[in-house]
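4 protein chains.
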Amino acid sequence: MCTNLFEVEIAAFADDAAATGPTASRTLIEDLVTANHILFDQGIVDAFGHVSVRHDQDPDRFLLARNMAPATVSPDDIVEFMLDGTPVNAAGRAVYLERFIHGEIYKARPDVQAIVHSHSPTVLPFSVSQRTRLRPVCHMSGFLGGGTPIFEIREAAGDGTDLLIRDQGLGAALAQKLGESSFVLMRGHGSTVVGPSLKHAVYRAVYAEVNARLQVEAVRLGEVTYLSDKEAETAQRNIETQIDRPWEMWKKRVQQWQASAA
Amino acid sequence: MCTNLFEVEIAAFADDAAATGPTASRTLIEDLVTANHILFDQGIVDAFGHVSVRHDQDPDRFLLARNMAPATVSPDDIVEFMLDGTPVNAAGRAVYLERFIHGEIYKARPDVQAIVHSHSPTVLPFSVSQRTRLRPVCHMSGFLGGGTPIFEIREAAGDGTDLLIRDQGLGAALAQKLGESSFVLMRGHGSTVVGPSLKHAVYRAVYAEVNARLQVEAVRLGEVTYLSDKEAETAQRNIETQIDRPWEMWKKRVQQWQASAA
Amino acid sequence: MCTNLFEVEIAAFADDAAATGPTASRTLIEDLVTANHILFDQGIVDAFGHVSVRHDQDPDRFLLARNMAPATVSPDDIVEFMLDGTPVNAAGRAVYLERFIHGEIYKARPDVQAIVHSHSPTVLPFSVSQRTRLRPVCHMSGFLGGGTPIFEIREAAGDGTDLLIRDQGLGAALAQKLGESSFVLMRGHGSTVVGPSLKHAVYRAVYAEVNARLQVEAVRLGEVTYLSDKEAETAQRNIETQIDRPWEMWKKRVQQWQASAA
Amino acid sequence: MCTNLFEVEIAAFADDAAATGPTASRTLIEDLVTANHILFDQGIVDAFGHVSVRHDQDPDRFLLARNMAPATVSPDDIVEFMLDGTPVNAAGRAVYLERFIHGEIYKARPDVQAIVHSHSPTVLPFSVSQRTRLRPVCHMSGFLGGGTPIFEIREAAGDGTDLLIRDQGLGAALAQKLGESSFVLMRGHGSTVVGPSLKHAVYRAVYAEVNARLQVEAVRLGEVTYLSDKEAETAQRNIETQIDRPWEMWKKRVQQWQASAA
Numbered sequence: 002m003c004t005n006l007f008e009v010e011i012a013a014f015a016d017d018a019a020a021t022g023p024t025a026s027r028t029l030i031e032d033l034v035t036a037n038h039i040l041f042d043q044g045i046v047d048a049f050g051h052v053s054v055r056h057d058q059d060p061d062r063f064l065l066a067r068n069m070a071p072a073t074v075s076p077d078d079i080v081e082f083m084l085d086g087t088p089v090n091a092a093g094r095a096v097y098l099e100r101f102i103h104g105e106i107y108k109a110r111p112d113v114q115a116i117v118h119s120h121s122p123t124v125l126p127f128s129v130s131q132r133t134r135l136r137p138v139c140h141m142s143g144f145l146g147g148g149t150p151i152f153e154i155r156e157a158a159g160d161g162t163d164l165l166i167r168d169q170g171l172g173a174a175l176a177q178k179l180g181e182s183s184f185v186l187m188r189g190h191g192s193t194v195v196g197p198s199l200k201h202a203v204y205r206a207v208y209a210e211v212n213a214r215l216q217v218e219a220v221r222l223g224e225v226t227y228l229s230d231k232e233a234e235t236a237q238r239n240i241e242t243q244i245d246r247p248w249e250m251w252k253k254r255v256q257q258w259q260a261s262a263a
Numbered sequence: 002m003c004t005n006l007f008e009v010e011i012a013a014f015a016d017d018a019a020a021t022g023p024t025a026s027r028t029l030i031e032d033l034v035t036a037n038h039i040l041f042d043q044g045i046v047d048a049f050g051h052v053s054v055r056h057d058q059d060p061d062r063f064l065l066a067r068n069m070a071p072a073t074v075s076p077d078d079i080v081e082f083m084l085d086g087t088p089v090n091a092a093g094r095a096v097y098l099e100r101f102i103h104g105e106i107y108k109a110r111p112d113v114q115a116i117v118h119s120h121s122p123t124v125l126p127f128s129v130s131q132r133t134r135l136r137p138v139c140h141m142s143g144f145l146g147g148g149t150p151i152f153e154i155r156e157a158a159g160d161g162t163d164l165l166i167r168d169q170g171l172g173a174a175l176a177q178k179l180g181e182s183s184f185v186l187m188r189g190h191g192s193t194v195v196g197p198s199l200k201h202a203v204y205r206a207v208y209a210e211v212n213a214r215l216q217v218e219a220v221r222l223g224e225v226t227y228l229s230d231k232e233a234e235t236a237q238r239n240i241e242t243q244i245d246r247p248w249e250m251w252k253k254r255v256q257q258w259q260a261s262a263a
Numbered sequence: 002m003c004t005n006l007f008e009v010e011i012a013a014f015a016d017d018a019a020a021t022g023p024t025a026s027r028t029l030i031e032d033l034v035t036a037n038h039i040l041f042d043q044g045i046v047d048a049f050g051h052v053s054v055r056h057d058q059d060p061d062r063f064l065l066a067r068n069m070a071p072a073t074v075s076p077d078d079i080v081e082f083m084l085d086g087t088p089v090n091a092a093g094r095a096v097y098l099e100r101f102i103h104g105e106i107y108k109a110r111p112d113v114q115a116i117v118h119s120h121s122p123t124v125l126p127f128s129v130s131q132r133t134r135l136r137p138v139c140h141m142s143g144f145l146g147g148g149t150p151i152f153e154i155r156e157a158a159g160d161g162t163d164l165l166i167r168d169q170g171l172g173a174a175l176a177q178k179l180g181e182s183s184f185v186l187m188r189g190h191g192s193t194v195v196g197p198s199l200k201h202a203v204y205r206a207v208y209a210e211v212n213a214r215l216q217v218e219a220v221r222l223g224e225v226t227y228l229s230d231k232e233a234e235t236a237q238r239n240i241e242t243q244i245d246r247p248w249e250m251w252k253k254r255v256q257q258w259q260a261s262a263a
Numbered sequence: 002m003c004t005n006l007f008e009v010e011i012a013a014f015a016d017d018a019a020a021t022g023p024t025a026s027r028t029l030i031e032d033l034v035t036a037n038h039i040l041f042d043q044g045i046v047d048a049f050g051h052v053s054v055r056h057d058q059d060p061d062r063f064l065l066a067r068n069m070a071p072a073t074v075s076p077d078d079i080v081e082f083m084l085d086g087t088p089v090n091a092a093g094r095a096v097y098l099e100r101f102i103h104g105e106i107y108k109a110r111p112d113v114q115a116i117v118h119s120h121s122p123t124v125l126p127f128s129v130s131q132r133t134r135l136r137p138v139c140h141m142s143g144f145l146g147g148g149t150p151i152f153e154i155r156e157a158a159g160d161g162t163d164l165l166i167r168d169q170g171l172g173a174a175l176a177q178k179l180g181e182s183s184f185v186l187m188r189g190h191g192s193t194v195v196g197p198s199l200k201h202a203v204y205r206a207v208y209a210e211v212n213a214r215l216q217v218e219a220v221r222l223g224e225v226t227y228l229s230d231k232e233a234e235t236a237q238r239n240i241e242t243q244i245d246r247p248w249e250m251w252k253k254r255v256q257q258w259q260a261s262a263a
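Chains as they are written, first to last, in the numbering used here: chain A, 2 to 263; chain B, 2 to 263; chain C, 2 to 263; chain D, 2 to 263.
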C-alpha cells in the first residue's frame with residue numbers, strides 16, 4: 002500500500018481547471034461557507050469532517066470545500082464535483098479523499114440536497130457499541146426515529162482498511178446502508194447525516210450530537226423511555242419547520258466570532 | 002395533520018395589534034430580557050426554551066418574548082398575552098406555540114409570578130429515566146424536595162404527538178401534574194420550573210441543572226444520601242433569601258458579553 | 002424559624018465600624034482578592050463559596066470578603082474578623098453567614114493560614130456517596146492521602162437543618178471532623194480545604210476538583226489503583242514546592258480577563 | 002529526604018552558561034514554542050507537562066523549556082540539554098526535574114524526534130484502571146494500536162516515591178517500558194507520547210486524549226468494537242499524512258489568542 006495517498010491526489014487534480022458548466026448561486030456558496038463555520042463552532046467537526054450541498058443549477062454536481070479545516074473555509078475554497086467524485090474546478094487544489102461519501106449518496110437519494118460527515122464526539126461511541134443503539138430521547142431528534150443503521154466497513158472491504166470511504170465502491174456501500182434514513186453511523190469512524198436542505202443537514206448533525214449526549218446520561222440512570230416511532234415521525238415533521246431559529250442564532254455567533262478575530 | 006403549524010401562526014396573529022390594557026413596568030420588561038440572556042449564558046436554553054413573567058399591573062396577563070432564540074431577545078420583542086394564550090399586542094409577529102405552558106400554570110397557581118421552560122441538558126435525561134428520580138443532593142436545590150413529578154404526554158394525548166404543549170388542554174394537564182411543586186419534568190421534552198419572582202424562577206432553572214449534574218455523578222459512585230424532606234424545606238427557605246447574589250453576577254456576565262459584542 | 006436570616010445580619014453589623022487593631026499587609030489583601038478571582042476562573046466557586054486568610058499581624062484574626070460573589074471581590078470588600086466570627090470592620094456591610102467555618106478552624110489548627118470553602122462540582126458528589134471515598138489517583142493530589150473525612154451535619158444538629166455552618170458550635174464540630182487532615186467533605190454541601198498559605202489552599206481546592214474528575218472517570222473503568230499512603234505523603238511534600246507555577250499562571254489568566262473586561 | 006528538591010536545582014545549574022555547540026534552527030525553536038501553546042490551548046497540559054524536540058544540528062541534544070507553565074513559553078525560555086539531562090545553557094534558570102523522561106527516550110529510540118509528557122485528564126484514568134486498557138476506537142488514533150503499556154514506578158523504585166521520573170535510572174526504566182510503542186501510560190501520573198516530528202507528537206498527544214474521551218463513553222454503552230491491529234496500522238499510516246491540517250488550525254487558534262491578549 003502506498004504511504005501517502007493524500008498528497009498524491011494534489012497533483013492528480015492539477016489538470017481539472019478547464020471544466021465548465023452552470024454556475025452555482027452565490028447564496029448557496031455563502032450558506033455552505035456558513036455551514037462549515039457553524040459545524041466547527043458547535044463542536045461537530047474539528048480539523049476533520051466536511052459538509053456538501055447539491056449544485057442548485059445542476060443536480061448532477063455538488064459543492065464541497067477543498068481539503069482543509071472547516072473553520073477556515075471561505076467562498077474561494079469551494080470546489081464543484083461530479084457525482085462520481087471528479088472535481089470540476091479544483092485547479093490543482095487538494096480535495097477531500099472521502100468526497101465519495103457525498104457523490105454516492107447524491108446519486109442514490111435524489112431527495113437529498115445536503116450532507117454532513119463528522120466524527121462528532123458523543124455520536125462516535127455509538128458507532129462502536131455492540132449493545133446500545135442511538136435512539137431519539139427527545140422531540141428535537143425525531144429524525145433519528147427512522148433508525149440509525151451502522152455501516153461496518155469490514156463487510157464491504159474486509160479487515161485492515163483505514164476505515165475511510167476512499168472510492169466509489171465504498172461510497173455506494175455506505176449509501177446502501179443509509180437506505181431511506183436520515184442518518185448512518187460508521188463503525189470506528191463517525192457518522193453521515195443528510196437532509197432536504199443545508200439547514201436541515203446542519204440542524205440534524207448538531208442535534209444528533211445533542212441527542213447522543215442526552216442518551217449517554219439517560220442510559221446511566223437506568224431503563225430509558227425513547228420516543229415511539231409515531232412520536233418521532235410527528236416530532237420530526239413539526240419541529241423541523243423551526244430550524245431557521247437555531248440556524249440564525251448559530252450564524253450570528255460565527256459572525257461575531259469572525260468580527261472579533263478580524 | 003398539517004405540516005407547518007408554526008408558520009401558520011404568524012398570519013393568525015396579524016390582527017391583534019389593536020388590543021389595549023395597563024402597561025407593564027419598564028423594569029419588569031428589562032428583567033425579563035435579562036432573564037432570557039442569563040438562561041442562554043448559563044446553558045439552560047439554546048435556540049429553544051422560554052421564560053415568562055406575570056404582568057405586574059394585571060394578574061390575568063403575562064409577558065413572553067415573540068418566537069425567537071432567547072439569546073437575542075430585546076425589550077421590543079416582549080409580547081403580552083392573555084392567560085388563555087391569546088397574544089394582546091403581537092402585531093403580526095410569530096409567537097411561541099407552547100405559550101399554553103405559561104398561561105395554564107398562571108391560571109392554576111396564583112402564587113406563581115414567573116415560569117421557565119427549557120430542555121436543559123442534564124435535567125432532560127431524568128425525564129426519560131424509568132428508575133432514577135431527580136432529587137436534591139445539596140442545599141442549593143431544596144426546591145426539588147417537594148417532588149419532581151413527570152408529565153407523560155401519552156396519558157393526556159395518546160401516543161404519536163410531537164410532545165409539545167400546543168393547546169390549552171395540554172397546558173392544563175401539565176399544570177395539574179405540576180400541582181403545588183416548583184418543578185415538573187416533561188418526558189422526552191424537558192422541564193418547567195416556577196417561582197414567586199423572575200429571580201426565583203431563573204435561580205431554580207439554573208440550579209435544577211446544577212443538581213442534575215451533581216446527581217448523575219453521585220449515582221455513578223454508588224448509593225446516594227439525598228436531602229431529607231425537612232432539610233430540603235429548611236434549605237429552600239433560607240438559601241432562597243440569597244438569590245440576588247447569583248442574579249447580579251449572571252447579569253454582570255451578560256452585560257460584559259453584550260458590551261464586547263457591540 | 003425566621004425566614005430571612007441573611008438579611009437580618011446586615012443590620013446586626015452596622016455598629017462594628019469603630020473596631021481597631023494592627024493593619025494587615027497590602028500584599029496579603031491583594032493575594033486574597035486574587036485567590037477569589039482564581040477560584041471563580043477555575044470553576045471552584047460560582048456565586049457561592051469563599052476563601053479566607055489568617056491576618057499576618059494578628060493570628061487571632063482572619064480576612065474574608067463581605068457577603069458577595071467571589072468573582073467581583075476587590076480590596077475594599079475585604080473584612081477583618083475575630084476568630085469567634087465577629088466582624089471587626091464590616092461597617093454595616095453584610096457578611097457571610099458561614100464565616101464560622103473559618104474562625105473555628107483557625108482556632109483549632111494554628112498551622113492553618115488559609116481556608117477555601119466551596120461546592121466545587123465534582124467534589125460534592127463524593128460528599129453524598131455511601132460507597133466511594135475521594136482518594137488520590139495521582140501525584141498532584143497527595144494532600145488527599147491523609148484521608149477525606151465526611152462531616153455529617155445530622156450528627157451535630159439533627160435532621161432538618163439547611164446544612165449551613167451557621168454558628169460557632171457547628172464550626173467547631175466541622176473543625177473536629179477535619180482533625181489533622183487538609184480536607185473535609187461536607188455531606189450535601191461541598192468541602193473545606195486548608196493550607197499553610199493562600200497558595201497552598203487555592204492549589205488544593207483546584208486539584209481536589211481535578212482529582213475528583215479523574216477519579217469518577219477511573220471508577221467507571223473498573224478497579225482503581227490509588228496512591229499508597231507513602232506515595233501520597235512523598236508526592237505532597239515534593240509537588241507542593243512547585244505551587245508557584247500554577248498560581249502565577251492562574252493569576253495571569255484573571256489579569257487578562259480583567260483587562261479585557263475593562 | 003530533602004523537602005525542596007526543585008528549588009535546590011535552580012542553584013545547581015548556575016554555572017552551565019559557558020557550554021557551547023551547534024545552534025538549533027530558529028524554525029525548530031519557534032515550532033517548539035508553538036507546540037507548548039497548542040498543548041495548553043487543547044487542554045493537554047495545564048501548569049504542568051512538557052514537550053521537547055531533538056536538536057536538529059546535534060542528535061545527542063534536545064530542546065525543552067525551562068521550568069515553567071507551557072502556556073507562557075517564549076523562544077528565550079528554550080534550553081538545550083545533553084541526553085543525560087544536563088542543561089547546556091540554562092544560565093542559572095530552573096529546569097524541569099523530569100527532563101530524564103526526554104533524554105532517556107532519545108537515547109533508546111533514535112527514530113524519535115519529539116516527546117510530549119502530560120497529565121491529560123481523560124488519559125490519566127486509564128493509567129490507574131486495573132481492568133480497562135486504552136485502545137483505539139477510531140481511525141484517528143491508530144497510533145495506539147501498537148499497545149499502550151503502563152509504567153508502574155513501584156516496580157522500578159518501590160512504594161513511596163512521588164511518582165516523578167527524577168533521575169536517569171527511572172527515565173531508562175520508562176524508556177524500556179515504552180519499547181517500540183508510540184505511547185506509554187504512567188500509573189498515577191499521566192502519559193508520554195513520542196513521534197518522528199513535533200507535529201506527530203503533538204497530534205498524538207491531542208488524539209490520545211480524544212480517543213480516551215470516546216472510549217470512556219463507549220465503555221459505558223456496553224461491549225466495544227475496537228480497531229483491529231491491521232486497521233490501526235493502516236489508519237495510522239494513512240491518517241498521519243494529514244497532520245498538517247490540525248497543526249495549522251491549532252496554530253492559528255493560539256495566534257489569535259495571543260493577538261487578543263496583546
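Every residue gets a Cβ at the ideal spot worked out from N, C-alpha and C, and that includes glycine.
DSSP places Val207 (chain C) in the uninterrupted alpha helix (DSSP H) bounded by 199 to 221. His120, Pro122, Thr123, Leu125, Pro126, Phe127, Ser128, Val129: these are the residues of the stretch 100 to 129 of chain D whose beta carbon lies less than 9 Å from some beta carbon of chain C, given in chain order. Ala233 (chain C) has a beta carbon lying at 9 Å or more from every beta carbon in chain B.
When C-beta atoms of the stretch 112 to 130 of chain D are compared with those of the stretch 146 to 153 of chain A, fewer than three pairs fall below 8 Å, so the two segments do not count as touching. Here Phe82 (chain D) is near Pro88 (chain D), since their CB atoms are less than 9 Å apart.
For Thr162 (chain D), the number of other beta carbons within 10 angstroms of its own is at least 16, and it is reported as buried.
Excluding the 5 residues flanking it on each side, Leu199 (chain B) has same chain C-beta neighbours closer than 6 Å at Asp32, Ala36, Val54, Ala115, in chain order. Annotation: Cβ neighbours of His190 (chain D) in chain C (cutoff 7 Å, chain order): Cys139, His140.
Checking the DSSP bridge columns, you'll see Thr193 (chain A) partnered with A:His118, A:Val185. For the stretch 61 to 92 of chain D, the continuous beta strand (DSSP E) assignments of 3+ residues that do not extend past its boundaries occur at 62 to 66, 79 to 83, in sequence order.
Leaving aside the five residues that flank Ala173 (chain D) on each side, the residues in its chain whose CB is nearer than 6 Å to its CB run, in chain order, Glu105. Secondary structure remark: continuous alpha helix (DSSP H) runs of at least 4 residues inside the stretch 121 to 187 of chain A, in chain order: 125 to 129, 154 to 158, 169 to 179. With at least 16 other beta carbons inside 10 angstroms of its own, Ser142 (chain A) counts as buried. Close to chain D, meaning a Cβ-Cβ distance shorter than 7 Å, are the following residues of the stretch 205 to 220 of chain C: Arg214, Leu215, Glu218, Ala219. Using a CB distance cut-off of 9 Å, Leu164 (chain C) counts as an interface residue toward chain B.
Per DSSP, the continuous alpha helix (DSSP H) segment holding His103 (chain B) begins and ends at 100 to 109. By the neighbour-count criterion, in which 16 or more other beta carbons inside 10 Å mark a residue as buried, Gly159 (chain C) falls on the exposed side. At a cut-off of 9 Å between beta-carbon atoms, Met83 (chain D) makes no contact with chain A. Bounds of the alpha helix (DSSP H) holding Val34 (chain A) are 27 to 42. No Cβ of chain C is located within less than 9 Å of the beta carbon of Leu64 (chain B).
One thing to note: Val113 (chain A) has its Cβ no nearer than 9 Å to the Cβ of Arg205 (chain A). Using a Cβ-Cβ cut-off of 9 Å, Ala236 (chain A) counts as an interface residue toward chain B, since at least one Cβ of chain B sits closer than that to its own.
For Gly143 (chain D), a Cβ of chain A is located within less than 9 Å of the residue's own Cβ. Taking a Cβ-Cβ threshold of 7 Å, none of the residues of chain C is close to Met250 (chain D); the smallest such distance is about 23 Å.
In this structure, DSSP gives Ser261 (chain B) a helical state, which the three-state scheme calls helix.
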